[in-house]
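Undergrad:
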Amino acid sequence: MPATDLETIVSLCKRRGFIFPAAEIYGGFANTYDYGPLGVELKRNIRDAWWQAMVRERDDVVGLDAALITHPRVWVASGHVATFNDPLVDCKKCHLRWRLDHIEEGQYGPVKRDAAGNVLCPNDGGELTEPRQFNLMFKTQIGTVADDASMAFLPPETAQGIFINFENVVNSMRRKLPFGIAQTRVSFRNEITPGKFIFRTLEFEQMEMEYFCFPPKDRENPAEYLALHKAWIDARLSWYRDTLGIDASRLRVRYHEKEELSHYSAATADVEYLFPWGWGELEGIAARTDFDLTAHGNESGHPLTYFDEETKEHIVPWVIEPAAGLTRTLAVTMLEAYTEEPDEKGENRGVLKFRPNVAPVKLAVLPLSKNEDLRPFARKVFDLVRPLWMTQYDETQSIGRRYRRQDEIGTPICITIDFQSVGEGGQPGDEAVTLRDRDTQSQVRVPLSSLVATLRERLPGC
Ligand code: GAP
């Protein structure tokens, strides 16, 4: 069973060094968190698993790491400057988004109002949401003079860095369609809705890939393009299930209704997870057509096209975009792994049953006690395994309490060294160690000579 309440995870995260509320000594900083020693490992492992699946194991995808501080016109072309500017209102009926001041100025024709005088949607007369006075993009300033020319934005998504490098990648990597460009990095949004722990934060990490393909022959009926979209949805869903170990019953795909779609999108589907508070988005997979490349071509005056050798024409590729939240996926990985069950003595234990590939610590070397005679062999074992796997060495407290601590941080295997290993009363030891399995709590003895080979088998993908 996964964790059913968020509070258990929030408290474990702080107690065991995964995630801390930011700037706590100053009273905290809303919707902002710091990743502690174990959180940073877990995040890195999830990111690596994504990169492995999306870049290293594919011959049609390459990586990128574009600058964070981006040319301001990039955000004009992408539509973020216009769409994310306040004051924003949404029509509850047709879901179109407007600037309230523009409606009031009559830019869309005579202002429609209800009986109470509230402004209504210029499109269909629908009720509007309360205006949102916050800009979703964080502004920053370059240089010493604060004027419009020195203003830049922190990126609210990683995607635009990919689009503006399309031509660089095609030329330098001699790419042929279809191919993808992948990127993982931090994004910033001035979120005004209160977050649920790290579900919605001001800065967060994304893992995005833009997959460029040939435009459909029939724009109005892009059957092949939509089949490619569906293939990416299936691939991404199975990554959560098979690589991260998320139970299929708590995953679903939700297609956006026509009214929810951006005007340029041919289709969008979200991979959702059943959080303790209900279904929530983990990843959006959007069929973005040729919108972004065309928009950057128009705004920059530098067309972003691909030369089709067969037709000898310059074309604008269409795009499928799987866009995942790394930090949100980390929250799900924690929720999903957490279990409470009896330990060896029948007492309740909290255990994070991570897949070995994402577990922040893979091994713990635990001498039975602080006895001096155990230490040299225990250190020898530690020195043998730590260059290969993230390993902790711990000789404080009782062995039972140390097992509990390792269970709670999700360490798959503990290696125990006892007097049988090192010998006692003049008798030689057997130079073997005990491997204790986190999930079954079963123990087996393994000679030092075959320890690395045994661990390789028991830590797949690590
Ligand atoms: N380029 C497309 C794009 O950014 P999105 O659906 O806005 O799409 C993709 O974001 C993913 O990023 C979401 O599915 C979610 O996992 C994550 N995400 C978005 N906003 C977030 C926030 N404020 N805090 C944490 N994760 C966020």
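Residue numbering for the sequence shown follows our numbering, beginning at 4 and increasing consecutively.
A virtual CB, placed ideally from N, CA and C, is assigned to each residue, including glycine.
Nothing here was measured: the structure is a model prediction, and the numbers come from that model.
Going by the C-beta, is Phe32 closer than 7 Å to any heavy atom of the ligand GAP?
TA: Here residue 32 corresponds to residue number 29 of the sequence shown, with the count starting at 1. No - the ligand GAP has no heavy atom lying nearer than 7 Å to the Cβ of Phe32.
Undergrad: Check the C-beta distance from His317 over to Thr308 and give it rounded, since I have them as a contact under 8 Å.
TA: In the sequence shown, the residue the question calls residue 317 occupies position 314. In the sequence shown, the residue the question calls residue 308 occupies position 305. Correct: roughly 4 Å between the Cβ atoms.
Undergrad: May I ask which residues mark the beginning and end of the beta strand (DSSP E) holding Trp54?
TA: As a first step, residue 54 must be located in the sequence shown, where it is residue number 51. Looking at the DSSP string, Trp54 is not in any beta strand (DSSP E); the run it does join, the alpha helix (DSSP H), is 40-54.
Undergrad: Determine, using beta carbons only, whether Leu139 and Cys94 come nearer to each other than 8 Å.
TA: Taking the first residue of the sequence shown as 1, we reach residue 139 at position 136. Taking the first residue of the sequence shown as 1, we reach residue 94 at position 91. Cβ distance not < 8 Å, so Leu139 and Cys94 don't count as in contact.
Undergrad: If we count the other Cβ atoms within 10 Å of its Cβ and call it buried at 16 or more, is Gln163 buried or exposed?
TA: The sequence position of residue 163 within the sequence shown is 160, counting from 1. Flag for Gln163 reads buried.
Undergrad: Compare the Cα-Cα distances from Arg378 to each of Thr419, Pro306, Phe141, Leu438 and report the closest residue.
TA: One-based indexing of the sequence shown puts residue 378 at position 375. Comparing Cα positions, the closest option is Thr419.
Undergrad: Please state whether the Cβ-Cβ distance between Asp421 and Leu458 is less than 8 Å.
TA: Your numbering for residue 421 matches position 418 in the sequence shown. Your numbering for residue 458 matches position 455 in the sequence shown. No, these two residues do not count as a Cβ contact at 8 Å.
Undergrad: Note the first and the last residue of the continuous beta strand (DSSP E) segment covering Leu458.
TA: As a working note, residue 458 is residue 455 in the sequence shown. Per DSSP, Leu458 belongs to no beta strand (DSSP E); it is in the alpha helix (DSSP H), 454-461.
Undergrad: Rounding to the nearest angstrom, what Cα-Cα distance links Arg439 and Arg407 in this structure?
TA: Locating residue 439 in the sequence shown gives position 436, counting from the first residue. Locating residue 407 in the sequence shown gives position 404, counting from the first residue. About 12 Å.
Undergrad: Just to confirm before moving on: does the CB-CB distance between Leu264 and Phe217 stay below 8 Å?
TA: The residue you call residue 264 lines up with position 261 of the sequence shown. The residue you call residue 217 lines up with position 214 of the sequence shown. Taking 8 Å as the Cβ cut-off, Leu264 and Phe217 do not qualify as a contacting pair.
Undergrad: Please look up how many angstroms separate the CB atoms of Glu411 and Arg19, rounded, as I've assumed it's under 8 Å.
TA: Reading the sequence shown from its first residue, position 408 is the one you call residue 411. Reading the sequence shown from its first residue, position 16 is the one you call residue 19. Confirmed, Cβ separation roughly 6 Å.
Undergrad: Do you know whose CA, among Lys96, Ala367, Ala340, Phe191, lies nearest Lys261's CA?
TA: Walking along the sequence shown from the start, residue 261 turns up at place 258. Checking every option, the nearest Cα to that of Lys261 belongs to Lys96.
Undergrad: Does DSSP put Gln163 in a helix, a strand or coil?
TA: Counting from 1 along the sequence shown, the entry for residue 163 is found at position 160. Three-state result, Gln163: helix.
Undergrad: Given the structure, does Glu160 come close to the ligand GAP, in the sense that its CB is under 7 Å from one of the ligand's heavy atoms?
TA: Counting from 1 along the sequence shown, the entry for residue 160 is found at position 157. Within the cutoff, so yes.
Undergrad: Nearest to Glu44 by alpha carbon, out of Asn360, Pro390, Gln446?
TA: In the sequence shown, the residue the question calls residue 44 occupies position 41. Cα-wise, what sits closest to Glu44 is Asn360.
Undergrad: Can you say whether Lys348 is buried or exposed, counting buried as having 16 or more other CB atoms within 10 angstroms of its CB?
TA: Numbered from 1 along the sequence shown, position 345 holds the residue referred to as residue 348. With fewer than 16 other Cβ atoms within 10 Å, it is exposed.
Undergrad: Compare the beta carbon distance of Ala290 and Ser268 with 8 Å and say whether it is the shorter of the two.
TA: Taking the first residue of the sequence shown as position 1, residue 290 is located at position 287. Taking the first residue of the sequence shown as position 1, residue 268 is located at position 265. Cβ atoms of Ala290 and Ser268: closer than 8 Å.
Undergrad: Confirm, please, whether the CB-CB distance from Gly283 to Ala326 is below 8 Å.
TA: On the sequence shown, residue 326 is found 323 positions in, with the first residue counted as 1. On the sequence shown, residue 283 is found 280 positions in, with the first residue counted as 1. No. Outside cutoff.
Undergrad: On the criterion of 16 or more Cβ atoms from any shown chain inside 10 Å, does Tyr29 qualify as buried, or is it exposed?
TA: Taking the first residue of the sequence shown as position 1, residue 29 is located at position 26. With fewer than 16 other Cβ atoms within 10 Å, it is exposed.
Undergrad: Under 8 Å between the Cβ atoms of Gln209 and Gly328?
TA: As a first step, residue 209 is located in the sequence shown; it is residue number 206 there, counting from the start. As a first step, residue 328 is located in the sequence shown; it is residue number 325 there, counting from the start. In contact: Gln209 and Gly328 (Cβ atoms closer than 8 Å).
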